[in-house]
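This note's numbering applies: residue 57 is where the sequence shown begins, and numbers increase by one.
The beta-carbon is built from N, C-alpha and C at its ideal position, and this holds for glycine as well.
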Amino acid sequence: MMEEKEKPLKVPSVKKNFFISTLYEILCIITPFITAPYVSRVLGAEQIGVNSFVHSVQAYFCMFATLGTAAYGTREISRNRDNAYERSKLFWEIELLSIFTSGIAVIAWCIFIIFTVEYKIYYIILTLSIFDKMFAIGWFYSGTEQFKYTVTRNTIVKITGIILVFTFVHTSDDLIIFILINTLCNLFGALSMWIPLKKFLVKVPVKELKIWRHLKETLVYFVPTIATSVYQVLDKTLIGLITHEESQNGFYEQANKIINLIKIMSFGAISGVVGSRISYLFTQNKIDEIKQRIRKSIDFVMLMGIGSCAGMYGIAKRFIPFFFGEGYDQVISLLYILLPIVLIVGMNVIFVQLYYVPVGKRKQSSNYIIMGAVFNLIANILLIPKWKAYGAAVGSIIAEVVILIFCFVHCNGFYSVKQLLLSMYKKLFAAMIMLVYLFIIDRVLTVQNWIVLVIQVIGGALIYFVVLLIVKDRGLKILFEMKIFDRFRKKKRAES
């Protein structure tokens, strides 16, 4: 029995997990390209703004529902994944705590709805989102590095959501249907994650479960969650409350939609996969390997982030009207302001997920996030009344810069400014050459808009990576080291 309890999991390689996660991130990138143009034209900026506002309000209750269980649970499961009994015990303790806090959140949310007049029907539907958070156990699969389960089910959910949106959302009056579809899909996705769970758990006597011992630690993780919400959620709430213009939230939402797509391409897959592995490496005291993984991760973020941001800057004037339709011109200027945040957030995510959390300094990183949130809140209050959505965008930049400065100063030699500059300068050079190409194509070609965009995107990407290849940028070397397509080459050779 003891041998069974201590039997370690068969964990896929980092390369395999990265490949699986990358496929899912590609789906996350493709999905908005399929739905956003349709939804933006059907619902319009004002209805999209309403959707953004009600979700921002409901997000506070969802954050309390989960406390910090996602990040904390991932870390604890990762540290104890080789002991079946201990990881099972941890799972039930953390999940039961999440169910308890979610129950309180549901009660508080229902009280809020009772005393709310505007948007009440939308808030009633969003009650399901709290139950989604209650039963979401993706953190367990992240901690055990079993990414294929989360990827498979999330893929099914996204595809189902796409089909339902195109089937049932046809006019601006269908916002209620749009919200219901997204909420139900997320809930069913969370519930489906329980199906394969029995493969990884063993029986644990109820009397041995100590739920409340995790409360203090989850609160430590909860503090940065609240702080982060100030500049990821509260800005949308303040835009709605201060400006009373739904379209301002609509423009801000659409600009952030593009920014989030670029974030996914830049560091969506790598932070989760490598983060889980680094938590394990810290328990083995493999410091040199950890430093190397952090450096490579930041190299990858810079490679993808600089290229994507520069590319979007060069095509934004043509891309936004083509993608969202008429009436979204303000999104272009908002995008120009927000683009640098991709690189800044990418750095912050790498530092927090790959250093501060695995090493047990979550509280320290929480303090940095709180400082950023304070700066952001002040900026929002001062700038939104006059500059509306633009003020919120500037406030977000200020917050992330403050956090990055603190993370850099206190990372104890795991990364340095010199290493960052060495990682960036060749990529910036390649991006400048790409921008010259994009601007020339934009001014020279007079064919249809979509043809120009295709030529810009394909040509720009080729120029960026060819220049990096010529200057021997180490970021490309990391891509080659991943050997993502090795299995296909080996299979082909075996068949021949």
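Comparing alpha carbon positions, the residue from E149, N305, F521, F256 closest to A366 is F521. Between L271 and V508, the alpha-carbon positions lie close to 55 angstroms from each other.
Taking 4 residues as the shortest admissible run, the stretch 419-504 contains the following complete alpha helix (DSSP H) segments, listed from N- to C-terminal end: 445-465, 473-500. For P377, the uninterrupted alpha helix (DSSP H) run begins and ends at 343-380, by DSSP. Boundaries of the alpha helix (DSSP H) around T216: 203-224. The DSSP-derived three-state label of W250 is coil. The distance from the Cβ of I282 to that of A448 is about 18 angstroms, inconsistent with a contact at the 8 angstroms cut-off. Leaving aside the five residues that flank G516 on each side, the residues in its chain whose CB is nearer than 7 angstroms to its CB run, in chain order, G367, G370, M490, Y493, L494. Counting only residues of its own chain and dropping the five nearest sequence neighbours on each side, P88 has a CB closer than 7 angstroms to the CB of K313, L317.
For L390, same chain residues with a beta-carbon under 7 angstroms away, outside a window of 5 residues either side, are F307, Y308, A311, A445, Y446, A449 in chain order. Taking a contact to require three or more Cβ pairs closer than 8 angstroms, the stretch 190-203 and the stretch 248-265 qualify as touching. In the three-state reduction of the DSSP assignment, H111 falls in the helix class, which pools H, G and I.
Secondary structure at K176: helix, using DSSP grouped into helix, strand and coil.
Pairing I155 with S353, the inter-Cα distance amounts to about 34 angstroms.
In this structure, T206 lies away from G217, with their beta-carbon atoms at least 7 angstroms apart. Listed in chain order, the non-local C-beta contacts of A246 below 6 angstroms within the same chain comprise D188, F191, A192, local neighbours out to five positions each way being set aside.
The three-state secondary structure of Q304, taken from DSSP, is helix.
In terms of Cβ geometry, V225 and T91 do not form a close pair [threshold 7 angstroms]. Going by DSSP, F256 is part of no alpha helix (DSSP H) at all; its letter is neither H nor E.
The C-beta distance from I350 to F470 rounds to 6 angstroms, short enough to meet the 8 angstroms contact threshold. V387 and F109 have their C-alpha atoms roughly 17 angstroms apart. For F323, there is no enclosing alpha helix (DSSP H), as DSSP marks it with neither H nor E. Cβ neighbours of E456 within its own chain (closer than 8 angstroms, five residues either side excluded): Y287, I397, I400, V401, N404, G428. With respect to S158, T239 sits apart: the two C-beta atoms are not nearer than 7 angstroms. Taking L275 as the centre and dropping the five residues before and after it, the same chain places the C-beta of L123, G124 closer than 8 angstroms to its C-beta, in chain order.
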